[in-house]
């Protein structure tokens, strides 16, 4: 099985080499766990390796993401100028033509990586869970047919365990699920990452610690941690 490397230190190790090509992976976690940072690293690292990408945002404008990611050494403006990367800011209430618009942008730059940030925002405008699931399913089919390997971001609402996402449907449509934790242990908070599932592929079953610093996210694949849920 061919894999797409994230080039995020330690993450490809626990993914047994990377994300399986053309799969859709749900990246989920509570607020403040670094979902946008990890997604941006996946995009930026790929573009730097001549693997163009499209970042579809339903929440933050491109200017805010560009500015925030500069703190982690990611200069998206240069990649956009070189046609190796494209931001799409899309209003979640205009969902009728989303597949067509996304496909057009992907073909324009020859994208092979996509981030959708976030399904949680999209779901605020689709009250019916069956309709949301159908939309995510159709998006996933479009992305697979375009040979894109996708990270789809969602959010875990604290206090609603054991859900892996805000609406409880996203994880069933995705091929894989990566969970980010930020939990209190005694007097400190610890960050952990777990590959919950990865369809048709081996992966680490442990929760591994990770840090967020000026380089972005770094995973420690040699260590594991216990989180009380």
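Numbering (my numbering), first residue to last: -13 to 215.
Note that the Cβ used here is the ideal one computed from N, Cα and C, for glycine as well.
Exercise for review: Compute the distance between the beta-carbons of residue 97 and residue 39, then report whether it is under 8 Å.
Suggested key: Yes, the Cβ-Cβ distance between residue 97 and residue 39 is below 8 Å.
**Study point:** Nearest-angstrom Cα separation, counted from residue 195 out to residue 209
**Key:** If you take the alpha carbons of residue 209 and residue 195, they lie about 7 Å apart.
Check your understanding: Considering residue 67, what are the terminal residues of the alpha helix (DSSP H) in which it resides?
Key -> Segment 62 to 67, the alpha helix (DSSP H) holding residue 67.
Review point. Residue 105 by DSSP, collapsed to three states: which one?
Key: Helix at residue 105.
Check your understanding: Helix, strand or coil: how does DSSP classify residue 15 here?
Key -> Three-state DSSP puts residue 15 in a strand.
**Study point:** Own chain residues within Cβ distance below 8 Å of residue 58, not counting five before or after
**Key:** Sequence-distant Cβ neighbours of residue 58 in its own chain, meaning closer than 8 Å and more than five residues away, are 23, 26, 27, 200, 201 and 202.
**Study point:** Beta-carbon contacts of residue 183 that lie in its chain and below 7 Å, excluding the five residues immediately before and after
**Key:** Around residue 183: 162 and 163.
**Study point:** Between the CA atoms of residue 18 and residue 168 - distance to the nearest angstrom
**Key:** Answer to the nearest angstrom: the Cα atoms are 8 Å apart.
Point to revise | Residues near residue 70 by beta carbon distance below 6 Å, same chain, minus five either side | key: Cβ within range, chain order: 33 and 38.
Point to revise | Candidates 31, 94, 193 and 6, of which the one nearest residue 187 by Cα | key: Ranking 31, 94, 193 and 6 by Cα distance to residue 187 puts 6 first.
Check your understanding: Just reading off the beta strand (DSSP E) that residue 176 is part of, what are its end residues?
Key -> For residue 176, the enclosing beta strand (DSSP E) starts and ends at 174 to 184.
Check your understanding: Which term fits residue 177, buried or exposed, when burial requires 16 or more other beta carbons within 10 angstroms of its beta carbon?
Key -> Buried is the label assigned to residue 177, since at least 16 other Cβ atoms lie within 10 Å of its Cβ.
Exercise for review: Mind checking which residues open and close the beta strand (DSSP E) that includes residue 42?
Suggested key: For residue 42, the enclosing beta strand (DSSP E) has its first and last residue at 39 to 43.
Check your understanding: Would residue 139 pass as a contact of residue 13 if the rule is Cβ separation under 8 Å?
Key -> In this structure, residue 13 lies closer than 8 Å to residue 139 by Cβ.
Check your understanding: Hey, is residue 48 close to the ligand ADP, as in C-beta under 7 Å from one of its heavy atoms?
Key -> Ligands in the displayed structure: none, and consequently the ligand ADP is not present.
**Study point:** Bridge partners - residue 169, DSSP secondary structure assignment
**Key:** Bridge partners of residue 169: 176.
Exercise for review: Kindly give me the distance between the Cβ atoms of residue 204 and residue -5, rounded to whole angstroms, as I take these residues to be in contact under 8 Å.
Suggested key: Confirmed, Cβ separation roughly 5 Å.
**Study point:** Secondary structure of residue 71, DSSP reduced to three states
**Key:** If DSSP states are grouped into helix, strand and coil, residue 71 belongs with the strands.
Check your understanding: Can you tell me whether residue 93 is buried or exposed, with buried defined as 16 or more other CB within 10 angstroms of its CB?
Key -> Counting every other CB atom within 10 Å of its CB across the protein chains shown gives residue 93 a total below 16, marking it as exposed.
Review point. Between 193, 120, 137 and 165, which lies nearest to residue 9 when the distance is taken from Cα to Cα?
Key: Answer by Cα proximity: 137.
Exercise for review: Could you have a look at residue 202 and say whether DSSP puts it in helix, strand or coil?
Suggested key: For residue 202, the three-state secondary structure derived from DSSP is strand.
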